[in-house]
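Heads up, the thing below is written out as structure tokens.
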Amino acid sequence: RFHGQACSGTPADCIKLAHHELLRQKPDLVVSGINHGSNAGINLIYSGTVSAATEGTIMGTPSIAVSCLDFDEEADLSGAQDAARKVIGYVLNHGLPPGVTLNLNAPAGPLKGVKWARQANSRYVEEFDGRRDPANRDYYWMTGRLELLDDSEDTDIKVLSNGYASLTPIQYDLTAYRLLEDVKEIEL
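Under this note's numbering, read the sequence shown as residues 2 to 189, first letter to last.
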């Protein structure tokens with residue numbers, strides 16, 4: 002039997018509300034998604050799905066973000082569902098280290114399998130299309146393209162392009178430790 006509740010707010014805020022107010026006991030696992038669209042490469046920085054899973058990790062619960070690279074409302078999510086079941090089974094049996102969230106991305110439709118991958122080094126090359134609404138007000142539509150700065154075989158974007166789901170362990174500590182080590186003695 003499944004019990005669910007709905008709330009509005011940012012995805013991370015919904016996890017906070019559930020953890021602090023709605024749940025009688027701590028969950029065994031947080032699964033955020035299945036999200037329509039990629040959370041691979043730089044996309045994970047912008048993702049509410051990843052933020053919700055990260056919030057679960059901050060709360061001390063093993064957490065997984067799940068995304069399917071298809072924006073169509075009728076998208077075939079079967080591959081993402083199958084991959085998520087496998088990853089959920091793994092996490093429930095083995096756990097995750099403290100501070101680590103799993104970011105699972107799947108192409109639409111059937112998969113060749115699931116592969117561990119690192120986050121691809123990528124960025125957006127933005128373009129803005131200036132438009133005017135019916136009330137004669139200006140607005141902008143952001144377009145552009147994703148630029149892949151590293152096409153190594155072990156990156157999430159490359160794994161996805163080869164027909165596999167990518168599974169990337171991520172952490173919320175974004176400190177640049179190598180630089181910090183080099184500059185910590187510099188007085189400003």
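Beta carbons: idealized from backbone N, C-alpha and C, even for Gly.
Same chain, Cβ closer than 6 Å to asparagine 36, neighbours up to 5 away in sequence not counted: Counting only Cβ-Cβ distances below 6 Å, and skipping sequence neighbours, we find Thr50, Ser68.
Got a sec, what are the start and stop residues for the beta strand (DSSP E) glutamate 56 sits in? Glutamate 56 -> not in any beta strand (DSSP E); alpha helix (DSSP H) instead, spanning 49 to 59.
Secondary structure, alpha helix (DSSP H): runs of 4+ residues fully inside the region 4 to 83: Taking 4 residues as the shortest admissible run, the region 4 to 83 contains the following complete alpha helix (DSSP H) segments, listed from N- to C-terminal end: 12 to 18, 44 to 47, 49 to 59.
Could you tell me which of Arg133, Glu75, Leu30, Leu180 sits nearest to asparagine 94, measuring between CA atoms? Checked all of Arg133, Glu75, Leu30, Leu180; the closest Cα to asparagine 94 is Leu30.
Would a C-beta distance cut-off of 8 Å place leucine 97 and proline 135 closer than the cut-off? Their beta carbons are not under 8 Å apart, which means leucine 97 does not touch proline 135 by this criterion.
Assign glutamine 172 to one of two classes, buried (16 or more other C-beta atoms within 10 Å of its C-beta) or exposed (fewer than that). By the neighbour-count rule (16 or more Cβ atoms within 10 Å), glutamine 172 is not buried but exposed.
Three-state class that DSSP yields for isoleucine 158 in the structure shown: Residue state for isoleucine 158 is assigned as helix, using DSSP reduced to three classes.
Three-state class that DSSP yields for glycine 110 in the structure shown: The three-state reading of DSSP puts glycine 110 in coil, since its state is none of H, G, I, E or B.
Does the distance from the CB of alanine 41 to the CB of leucine 161 come in under 8 Å? Contact: yes.
Grab me the residues of alanine 76's own chain with a C-beta within less than 8 Å of its C-beta, minus the 5 sequence neighbours each way, in chain order. Non-local C-beta neighbours of alanine 76 in its own chain, meaning closer than 8 Å and more than five positions away in sequence, comprise His37, Cys69, Ala109, ordered along the chain.
So threonine 102 and threonine 144 are in contact, right, with Cβ under 8 Å, and what is the actual spacing, rounded? Actually they do not touch by this definition, with Cβ atoms about 30 Å apart.
By the three-class DSSP mapping on this structure, what secondary structure does glycine 164 have? Here glycine 164 sits in coil by DSSP.
Buried versus exposed call for glutamate 182 [16 or more other C-beta atoms within 10 Å across all chains shown]: Exposed.
Straight-line gap, lysine 87 to glutamate 128 (C-alpha atoms, nearest Å): Near 38 Å, if we compare the C-alpha coordinates of glutamate 128 and lysine 87.
Specify, as a first and last residue, the run of the alpha helix (DSSP H) that arginine 179 falls within. First-last of the alpha helix (DSSP H) with arginine 179: 178 to 184.
According to DSSP, is leucine 214 part of a helix, a strand, or is it coil? Because the chain in this structure spans residues 2 to 189, residue 214 falls outside the shown range and cannot be described.
Output the distance between the C-alpha atoms of serine 9 and cysteine 15, rounded to the nearest integer angstrom. In a straight line, the C-alpha of serine 9 is about 7 Å away from that of cysteine 15.
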